[in-house]
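Visitor: Before I ask anything, let me first share the structure, which is written out below as structure tokens.
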Amino acid sequence: MNKRGNLFIAIGLLFIAAAFGLTAYNFWDNGRAEKAAAGETAVLSEKISEAAEDSLDNFTSDAVPLYVRYPDMEMPTVEINGSGYIGILEIPSLGLKLPVKGDYSLAGLKEAPCRYSGSVYKDNMIICGHNYNSHFGSLKNLEGGAEVSFTDGDGNLFAYQVVDIVQIDGNDVEGMEESSEADSWDMTLFTCTLSGQKRVTVRLERLSKNLETEGNFEIG
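Residue numbers 4 to 223, in the numbering used here, belong to the letters of the sequence shown in order.
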């Protein structure tokens, strides 16, 4: 075999090794992200339960939660390992229960979904998540009508259903943040596609806007 043939073989082996290494890294990274999110969710659930119990101690049938009277208020933050979390997102049909960080950052996305903008109290919150299988990688598999819930740091529960799933250009910030003409969505979830060129975007409609007056502090 000539030198050129040996060179092609060597190059081919390098490509195979690189592909194997990348696959192994992605597998490890997804497992790491899943473990990190599960640990933070467990701690966050406990802290939120404690906050909810404190709220119930002072709850009366005619009480109206503070965020209903002051929707512009900041969402409460729970500190865990130096990071601030604003609540827990659950998507039962995908088997997901994830903590949500209050501030968006690329480093933060390696651990958990992050609030991109908005507030659950103003029905305009956008949550961004990495496309790990254990985070938002399966958003594309959601169907219209699927149920989603969000529990804030005080234990208030907000229920939603999927009303639309679209792909938005990765640079289309306005398209991500815009409201529909009928104002039919109250929360948005998004993640990048495998190519990174598009964003899988899930629009959610809040199901019951009177939960805040029902004293519902249950954590799913």
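For glycine and all other residues, C-beta sits at the position ideal for the given N, C-alpha and C.
M76 to M179, Cα distance in whole Å?
Guide: Our two residues, M76 and M179, have alpha carbons roughly 23 Å apart in a direct line.
Visitor: Mind checking whether Y88 and L47 have CB atoms under 9 Å apart?
Guide: yes
Visitor: I need the straight-line Cα distance from E177 to K38, nearest angstrom please.
Guide: 34 Å
Visitor: Would the stretch 193-213 count as touching the stretch 127-146 if we require 3 or more Cβ pairs under 8 Å?
Guide: yes
Visitor: P95: buried (16+ other C-beta within 10 angstroms of its C-beta) or exposed?
Guide: exposed
Visitor: Could you give the first and the last residue of the continuous alpha helix (DSSP H) run that contains L109?
Guide: Where L109 is concerned, the enclosing alpha helix (DSSP H) starts and stops at L109 to L112.
Visitor: Taking the alpha carbon of T196 as the reference point, which residue from N174, G147 and E181 has its own alpha carbon closest?
Guide: Residue N174 is the option with its Cα nearest to T196.
Visitor: To the nearest whole angstrom, what separates the beta carbons of G111 and M78, a pair I think is in contact under 8 Å?
Guide: 16 Å between Cβ atoms; not a contact.
Visitor: Closest to G90 by CA distance: which of A66, E114, T44 and Y70 is it?
Guide: T44
Visitor: Would you list the residues sitting across from V81 in a DSSP beta bridge?
Guide: Y88
Visitor: If we count the other Cβ atoms within 10 Å of its Cβ and call it buried at 16 or more, is A40 buried or exposed?
Guide: buried
Visitor: Determine whether the beta carbon atoms of G156 and I51 lie at a separation below 9 Å.
Guide: yes
Visitor: Which residue wins for smallest C-alpha separation from L109, given the options E208, T194 and L210?
Guide: T194
Visitor: Distance cutoff 9 Å, beta carbons only. Does V123 sit that close to anything in chain D?
Guide: Structure shown: chain D not included; a single protein chain is present.
Visitor: Give the single residue among L160, T191 and R35 whose Cα lies nearest to the Cα of R118.
Guide: That would be T191, whose Cα lies nearest to the Cα of R118.
Visitor: Would you mind working out which of A115, S198, N33 and I168 sits nearest S86, comparing C-alpha positions?
Guide: A115
Visitor: How is E49 classed by DSSP in three states: helix, strand or coil?
Guide: helix
Visitor: Taking the C-alpha atoms as reference points, what is the distance between Y124 and D167?
Guide: 21 Å
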